[in-house]
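Trainee: Below is one structure. I have some questions about it.
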DNA sequence: GTGAAAGCGCTAACAG
DNA sequence: CTGTTAGCGCTTTCAC
């Protein structure tokens, strides 16, 4: 495999000229350019990014940490990140942490080892301390999930207000007995959305029933299903359920079908995220839309800015309650 | 940021010793080891993978090319790849091609530029020529999709036989009028599954109706929905539908609900892939299970072997027809 | 078991 | 506009 020396020699110029040919074309005379061009083609030369990166002490790689690759919520975010990254000649190193500290360590090391220039993390559930320590010397952006006191820039939505509006929607439809299918409280969004749920109930002095708050260990369909089973097995059946994730809501819906209950007539259902699948369920799911793609784009922009040494500010984006059949009927 | 020189100096040894400390601990005396260890901690030293990679002319990055990140079919495969990669100290560079040649070019360059050591591609739809050319000088494995004549190793399932069995299942249930919702014929699996479908019909001399073969441009829910709309809008309504992807099947199911048709009594439905969602629909989807995780693991193993210079063989894995409510009822 | 030294392939002063 | 040269931070012979 030819290197820059070989090209220089074949073209009868210096390595500097060849290097300039790639980095600042206009600084090379037309004559040299032609010679270099030919030599490159002849030798089938491809510059080594490895060497360039070492020389520039940058990797042009962005580390993206997500808890679960199978959660479609992240797909859209990643799309946004990817688009911005490519436009800025960055690539992304996608890493699934499984919320597993050991894995996270491996990935954190990637940036310590200069293998990545910065991190976008969507999983600050584990090891906030490590994250903060790392942020002292490396560019980091938090997306969606964030550790408030960390001082690390984030882009997110107002989770509490979003949950509040979702539950108010149910209340305005006449529901007075509303259950909550939550995820693990280690997540900030989980705590915030629970607050929103409670605030919405309080506003109308609606009954608050601990039996109706289910906290799931994981964010899989099955967890939503089991949660709903628990709710239906209780003494009083609520008339509506708010799930903090479409995945959980879809699992819950499955269980409602099993129990041969009609949605929304027997039990109304609201999800969260507006993943693509939420519109394909029967009935289609009322849900809170997060601007996933936008969040991804912004995170990437912010991270790249931070890598460049610019200051970046936290951003809170708008959400939108999308009302569909699972609360309104058809 | 400290480098290996600083550590050597602080420890009172040579850089070679520090290097050995990381690469072959046993080659360093206990005494030196201690000194180096201390120096590392004191200086908070982290070796530069960039420099090591340049020296070794390897990147320890595996390029993974997928058409669409939002297709859950790929998530599971990626999981498999990721697990094997990590165990072998590789990382994956996940790239979404969108089946867009330009993007693909960018990614192909990553391996030409030594930024990645090899490629696992799941999208040989575009630019088979480039792929073949690249494979001449770089390790490449094809996963699921493959260009037959390319000579590039692949791991896949027997798409034709899988489709055949899926359609035979419908026929055995008494269905005689079976539509096919296919994806784009640029995909090998699409052509193979269509063959299987036709072969299954032929076996019983069942009517073959061009109106009942719909080819979708993309693999989104909406395409399945539109395909089903077309089918329902035709002169004769089939009693069963085979969709070559769960995503398309789920879209089709949506449309069947719209039309207030019962699945499976009015129209039976079979999907393909066994993505997680396929069990959450109402009714649950009969589908062909692909061993996605296994496919990912194998591809990664094969690629790493190939990078090491070993010979690798094509692999065809088993599939499994998973019969659920959308064909059997409940 | 250890050190000196030669690169890996490139970029960026610097001088001309 | 061009060439010379000194590294980027590491690994790996080759002597000792």
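Protein chains in written order, with the working numbering: chain U, 1 to 330; chain W, 331 to 660.
We put the beta carbon where it would ideally sit given N, CA and C, even for glycine.
Would you tell me roughly how many angstroms separate the C-alpha atoms of residue 398 (chain W) and residue 426 (chain W), rounded to the nearest one?
Mentor: In the second chain, the residue the question calls residue 398 (chain W) occupies position 68. In the second chain, the residue the question calls residue 426 (chain W) occupies position 96. Between residue 398 (chain W) and residue 426 (chain W), the C-alpha separation is close to 6 Å.
Trainee: Using a Cβ cut-off of 8 Å, which residues of the region 574–591 of chain W contact any Cβ in chain U, in chain order?
Mentor: Those would be 580, 581, 583, 584, 587, in chain order.
Trainee: List the residues of chain U that residue 444 (chain W) touches, going by C-beta distances under 7 Å, in chain order.
Mentor: By 1-based counting over the second chain, the position of residue 444 (chain W) is 114. Within 7 Å Cβ-Cβ: 48, 49, 50.
Trainee: At a cut of 8 Å, does the region 406–425 of chain W reach the region 475–492 of chain W through at least three beta carbon pairs?
Mentor: no
Trainee: Can you find a C-beta in chain W that's less than 8 Å from the C-beta of residue 334 (chain U)?
Mentor: Past the boundaries of the shown model lies residue 334 (chain U); chain U is included only from 1 to 330, so the question cannot be answered.
Trainee: One question on the structure: do residue 208 (chain U) and residue 219 (chain U) come within less than 8 Å of each other, judged by their Cβ atoms?
Mentor: For this step, residue 208 (chain U) is matched to residue 208 along the first chain. For this step, residue 219 (chain U) is matched to residue 219 along the first chain. Not in contact: residue 208 (chain U) and residue 219 (chain U) (Cβ atoms no closer than 8 Å).
Trainee: Could you pull the DSSP bridge partners for residue 327 (chain U) from this structure?
Mentor: Taking the first residue of the first chain as position 1, residue 327 (chain U) is located at position 327. Paired residue(s): none; residue 327 (chain U) is not in a bridge.
Trainee: For chain W, is any of its Cβ atoms less than 8 Å away from the one on residue 280 (chain U)?
Mentor: Translated into the one-based positions of the first chain, residue 280 (chain U) becomes position 280. Yes, because at least one Cβ of chain W sits closer than 8 Å to the Cβ of residue 280 (chain U).
Trainee: For a cutoff of 8 Å on Cβ pairs, would you count residue 130 (chain U) as touching chain W?
Mentor: Residue numbering aside, residue 130 (chain U) sits at position 130 when the first chain is read from its first letter. Cβ-Cβ to chain W under 8 Å: no for residue 130 (chain U).
Trainee: For my contact list, residue 40 (chain U) and residue 7 (chain U) are in at a C-beta cut-off of 8 Å; report their separation, rounded to the angstrom.
Mentor: Here residue 40 (chain U) corresponds to residue number 40 of the first chain, with the count starting at 1. Here residue 7 (chain U) corresponds to residue number 7 of the first chain, with the count starting at 1. 6 Å between Cβ atoms; contact.
Trainee: Counting only C-beta atoms, is residue 54 (chain U) closer than 8 Å to chain W at any point?
Mentor: Here residue 54 (chain U) refers to the residue found at position 54 when the first chain is read from its first residue. So, interface residue.
Trainee: Who are the near neighbours of residue 135 (chain U) in its chain, counting only those whose CB is closer than 8 Å to its CB and skipping five residues on each side?
Mentor: Translated into the one-based positions of the first chain, residue 135 (chain U) becomes position 135. Excluding residues within five positions, the ones whose Cβ falls inside 8 Å are 150, 151, 152.
Trainee: How many angstroms separate the CA atom of residue 44 (chain U) from the CA atom of residue 245 (chain U)?
Mentor: Within the first chain, numbered from 1, the residue matching residue 44 (chain U) stands at position 44. Within the first chain, numbered from 1, the residue matching residue 245 (chain U) stands at position 245. The straight-line gap from Cα to Cα measures roughly 51 Å.
Trainee: Can you pull out the residues from the region 269–303 of chain U whose beta carbon lies closer than 7 Å to at least one beta carbon of chain W?
Mentor: 276, 277, 280, 282
Trainee: Return the bridge partner residues of residue 599 (chain W) from the DSSP annotation.
Mentor: Within the second chain, residue 599 (chain W) is the residue found at index 269, counting from 1. Beta-bridge pairing links residue 599 (chain W) to W:571.
Trainee: Quick one: give me the first and last residue of the alpha helix (DSSP H) that residue 248 (chain U) is part of.
Mentor: In the first chain, residue 248 (chain U) corresponds to position 248, counting from 1. Note, residue 248 (chain U): alpha helix (DSSP H), 246–258.
Trainee: Could you spell out where the beta strand (DSSP E) holding residue 544 (chain W) opens and where it closes?
Mentor: To locate residue 544 (chain W), count along the second chain from 1; it is residue 214. Unbroken beta strand (DSSP E) run through residue 544 (chain W): 543–545.
Trainee: Residue 412 (chain W) CB to nearest chain U CB: under 8 Å?
Mentor: Translated into positions along the second chain, residue 412 (chain W) becomes position 82. So yes, residue 412 (chain W) belongs to the interface.
Trainee: Below 7 Å between beta carbons is the criterion; list the residues of the region 348–382 of chain W that meet it against any residue of chain U, in chain order.
Mentor: Taking 7 Å as the Cβ-Cβ cut-off against chain U, the residues of the region 348–382 of chain W that qualify are 376, 377, 378, 379, 380, 381.
Trainee: Any chance you could list the beta strand (DSSP E) runs of at least 3 consecutive residues sitting entirely within the region 417–489 of chain W, in chain order?
Mentor: Counting whole runs of 3 or more residues, the region 417–489 of chain W contains the beta strand (DSSP E) stretches 421–426, 448–451, 470–473, 484–487.
Trainee: Please tell me whether residue 436 (chain W) has its Cβ less than 8 Å away from any Cβ of chain U.
Mentor: The sequence position of residue 436 (chain W) within the second chain is 106, counting from 1. By this cut-off, residue 436 (chain W) is an interface position.
Trainee: Work out the CA separation of residue 384 (chain W) and residue 657 (chain W) for me, nearest whole Å.
Mentor: Taking the second chain and counting its residues from 1, one reaches residue 657 (chain W) at position 327. Taking the second chain and counting its residues from 1, one reaches residue 384 (chain W) at position 54. The alpha-carbon of residue 657 (chain W) is positioned some 57 Å away from that of residue 384 (chain W).
Trainee: So the alpha helix (DSSP H) residue 369 (chain W) belongs to, where does it begin and stop?
Mentor: Locating residue 369 (chain W) in the second chain gives position 39, where the first residue counts as 1. 360–373 is the extent of the alpha helix (DSSP H) around residue 369 (chain W).
Trainee: Along the chain, where does the beta strand (DSSP E) that runs through residue 617 (chain W) open and close?
Mentor: Here residue 617 (chain W) corresponds to residue number 287 of the second chain, with the count starting at 1. Element bounds for residue 617 (chain W): 616–619.
Trainee: Look at the Cβ atom of residue 324 (chain U), then the Cβ atom of residue 268 (chain U), and state whether they are nearer than 8 Å.
Mentor: Residue numbering aside, residue 324 (chain U) sits at position 324 when the first chain is read from its first letter. Residue numbering aside, residue 268 (chain U) sits at position 268 when the first chain is read from its first letter. In this structure, residue 268 (chain U) does not lie closer than 8 Å to residue 324 (chain U) by Cβ.
Trainee: State the Cα-Cα distance for the pair residue 214 (chain U) and residue 227 (chain U), rounded to the nearest angstrom.
Mentor: As a first step, residue 214 (chain U) must be located in the first chain, where it is residue number 214. As a first step, residue 227 (chain U) must be located in the first chain, where it is residue number 227. Taking the straight line from one Cα to the other gives about 6 Å.
Trainee: So is residue 592 (chain W) buried or exposed if we call it buried at 16+ other beta carbons inside 10 Å?
Mentor: Here the question's residue 592 (chain W) lines up with position 262 in the second chain. The residue in question, residue 592 (chain W), is exposed, as its Cβ has fewer than 16 Cβ neighbours within 10 Å.
Trainee: Would you grab the beta carbon distance between residue 448 (chain W) and residue 491 (chain W) for me? Rounded to a whole angstrom, and I think it's under 8 Å.
Mentor: Position 118 of the second chain, counting from 1, holds the residue named residue 448 (chain W). Position 161 of the second chain, counting from 1, holds the residue named residue 491 (chain W). Not a contact, Cβ separation roughly 30 Å.
Trainee: At which residues does the beta strand (DSSP E) containing residue 593 (chain W) begin and terminate?
Mentor: Residue 593 (chain W) sits at position 263 when you count from the first residue of the second chain. Taken as a continuous stretch (DSSP letters only), residue 593 (chain W) belongs to no beta strand (DSSP E), as it is neither H nor E.
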